[in-house]
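First comes the structure, then the notes that go with it.
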Amino acid sequence: MLMLEEHPYPEDRTDPFALDVLAEPYEFHACLRELGTVVHLTRHDVLAVARHDDVQAALGDPETFCSSAGVGLADFRREEPWRPPSLLLEADPPAHTKARHVITQVLSLAVVRGLRETFAAQAEGLVEALVERQEFDGVRDLAAAFPLKVFPDAVGLPEQGRENLLPYGSMAFNGFGPRNVLFERAMAGGEPVKEWIARHCEREALKDDGLGARIHEVAAAEGYEAAEASLLVRSFLSAGVDTTVHALGNALYCLASYPDQWEILRGDPDRARHAFEETVRFESPVQTFFRTTTRSTELDGVEVPGGVKVLLFLASANRDPRRWTDADRFDICREARGHVGFGSGIHACVGQMMARLEGEVVLQALARQVERIELAGEPVRQLNNTLRGFESLPVAVVGS
Amino acid sequence: MPRVSFIDADGSETTATAASGQSLMEAAIANGIDGIVAECGGNMMCATCHVYVDEPWADRLPPRSPVEDEMLGETVCPRRAGSRLSCQIRVDEDLDGLVVELPEAQV
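Those protein sequence lines, which keep their order, are chains V and C.
Residue numbering for the first sequence follows the numbering used here, starting at 611 and increasing by one per position.
Residue numbering for the second sequence follows the numbering used here, starting at 1031 and increasing by one per position.
Here you go:
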């Protein structure tokens, strides 16, 4: 359909969304990087870009690599999306510029700084209770528990029904993949979840002093209708939870698996923010996103035709040896700046400063209160068409 | 390669060379300039690569985008007339000799 057979790209028959590939993606990523700048993934008839500089270049050229045709495999120009498109993620300038401006006003650096004290106190308290228990599930009891407390509190969601947030995130991020078993499983029985989310994006459901209400307020001032403002709140709820849960879970896993790195962090808790940054590079919670070309272009001298879906491998870019020394090594002292784990360019994660804050306070609390951390059982991966993380992570800690 | 100088809050000056196509922020990082944090890597999300650019250089820089302008309202040290985000300044031969001042703090 896309007539990619006319183009002489190296081919790869791997399905990037196959369960075994999602479970262990890095060898496949290395193959893609070696094959060339642009690789034809025959299974889904799309192009793949997996080297750091090329991924960054594509993300930095949203006029050519657009988002309004969807940032998943589905091409919104031909297929109906499973939900109304996001005004942020699945939009191009100028509409995107306007919508993003609403969010950047609400999620300003001043606002994020204002959350620090509360977030840090929550993290210290949570870790203190876990140190007493000694053994716990690093995902359920920490990586999920923390964001599921502080984030909906900040947004102004009621206590009741928050269990809908993770299933909704799973739908959103599996929804960027093909209609495979992960997609179907996430969507099965998802109507009540979608309804709960939609209802709680409305102004009436949100507390007066939370960020959700503030989105409605700023959006109205910028000329948006209430239904559009609700969609902007939806972006918050879909992008702000699962991603952070997986980032924290991956950080725990890395620190429990690399005792030398844990020792460095314990000796210098102020390195927590660096450790979190390195986690996002090394085990990127968001592994891939699609773009769609609006016209023919070139990447590193290779022609890319217009009108095709291009799968950008963020996680591969973050381990590209062309860009990183010892790319496959988890090293919390390295210079991790410049990774594309939060994306790059106009669609770069708008919540990244809040995510960094969450990561910092949790890892700092651990570094201060825990002497030893190790895996206490076999970790179970949670496979997702877009995200990388764990379903459960048994860990044992010894308090300091 | 263009040379750029950073004057830190104590008044000491460091001169760095910028590779072609690099942003001023990237040149600072590559040359180990401590006064630039640049946590977000150049996405105008963190406002921690703040610099002050005085005349005659200020006029020779491209104008601020609306997003840069918005982010400059969020820097830790006060915004001045010459405030810029160094990630948004592409260093080319025209900027050879550029001198910028660093704020006292970025975070």
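Ideal Cβ placement from N, Cα and C applies to all residues, glycine included.
Query: Return yes when the Cβ of Thr889/V is within less than 8 angstroms of the Cβ of Ala857/V, no when it is not.; Result: yes
Query: Would you please verify whether the beta carbon of Gly1065/C is less than 8 angstroms from any beta carbon of chain V?; Result: no
Query: Secondary structure at Met611/V, three-state DSSP: helix, strand or coil?; Result: Low confidence applies here, because Met611/V scores a pLDDT of 46, under 50, leaving its location unreliable; read the following figure in that light. If DSSP states are grouped into helix, strand and coil, Met611/V belongs with coil.
Query: Using a Cβ-Cβ cutoff of 9 angstroms, what residues of the region 950–962 of chain V are near chain C? List them in chain order.; Result: Val950, Phe952, Gly953, Ser954, Gly955, Ile956, Ala958, Cys959, Val960, Gln962
Query: Should Leu973/V and Ala849/V be called a contact, given that it needs their Cβ atoms to be closer than 8 angstroms?; Result: no
Query: Quick one: which chain V residues come within Cβ less than 9 angstroms of Ile1059/C?; Result: Glu945, Arg947, Gly948
Query: If contacts are defined as beta-carbon pairs under 8 angstroms, then His957/V and Pro777/V qualify, I think. What distance do you get, rounded to the angstrom?; Result: With a Cβ gap of about 24 angstroms, His957/V and Pro777/V do not count as contacting.
Query: To which residues of the same chain is Pro1002/V closer than 6 angstroms at the C-beta, ignoring the five residues directly before and after it?; Result: Pro is not the amino acid found at residue 1002/V; the sequence shown has Ser there. Only Asp747, Val749, Val990 meet the Cβ criterion.
Query: Pairs of beta-carbons, one from the region 1128–1136 of chain C and one from the region 1032–1039 of chain C, closer than 8 angstroms: are there three or more?; Result: yes
Query: Can you find a CB in chain C that lies within less than 8 angstroms of the CB of Thr647/V?; Result: no
Query: Which of the three DSSP states, helix, strand or coil, is assigned to Asp1038/C?; Result: coil
Query: Among the candidates Asn994/V, Thr854/V, Leu862/V, whose CA atom is the shortest distance from the CA of Val980/V?; Result: Leu862/V
Query: From this set, Ser1010/V, Val1007/V, Thr996/V, which residue's C-alpha is nearest Phe793/V's C-alpha?; Result: Thr996/V
Query: For Thr996/V, decide whether its Cβ has a neighbour in chain C, counting only Cβ atoms nearer than 8 angstroms.; Result: no
Query: Taking only three categories from DSSP, how would you classify Val665/V?; Result: helix
Query: Pick from Leu752/V, Gln715/V, Ser718/V: whose alpha carbon is nearest that of Gln732/V?; Result: Leu752/V
Query: With a cut-off of 8 angstroms, does the C-beta of Glu1131/C fall near any C-beta of chain V?; Result: no
Query: Quick check: Glu838/V and Ala831/V, are their CB atoms within less than 8 angstroms of each other?; Result: no
Query: Spell out whether any CB of chain V is found under 8 angstroms from the CB atom of Glu1069/C.; Result: yes
Query: Assuming Ile983/V is part of the beta strand (DSSP E), what are its boundary residues?; Result: 980–985
Query: Helix, strand or coil, according to DSSP, for Ser1002/V in the structure here?; Result: strand
Query: Could you have a look at Tyr636/V and say whether DSSP puts it in helix, strand or coil?; Result: helix
Query: Which chain C residues sit within Cβ distance under 7 angstroms of Thr714/V?; Result: Glu1100
Query: Would you call the region 902–919 of chain V and the region 643–662 of chain V in contact, with 3 or more CB pairs under 8 angstroms?; Result: yes
Query: Determine whether the Cβ of Ala1049/C lies closer than 8 angstroms to any Cβ atom of chain V.; Result: no
Query: When you compare the CB of Ser780/V with every CB in chain C, is at least one pair closer than 8 angstroms?; Result: no
Query: Quick one, which of Thr1105/C, Cys1079/C, Arg1109/C has its alpha-carbon nearest Asp1064/C's?; Result: Cys1079/C
Query: Answer with buried or exposed for Ala927/V, where buried requires no fewer than 16 other C-beta atoms within 10 angstroms of its C-beta.; Result: buried
Query: Are the Cβ atoms of Pro694/V and Phe686/V separated by less than 8 angstroms?; Result: no
Query: To the nearest angstrom, how far is the alpha carbon of Pro635/V from that of Glu700/V?; Result: 25 angstroms
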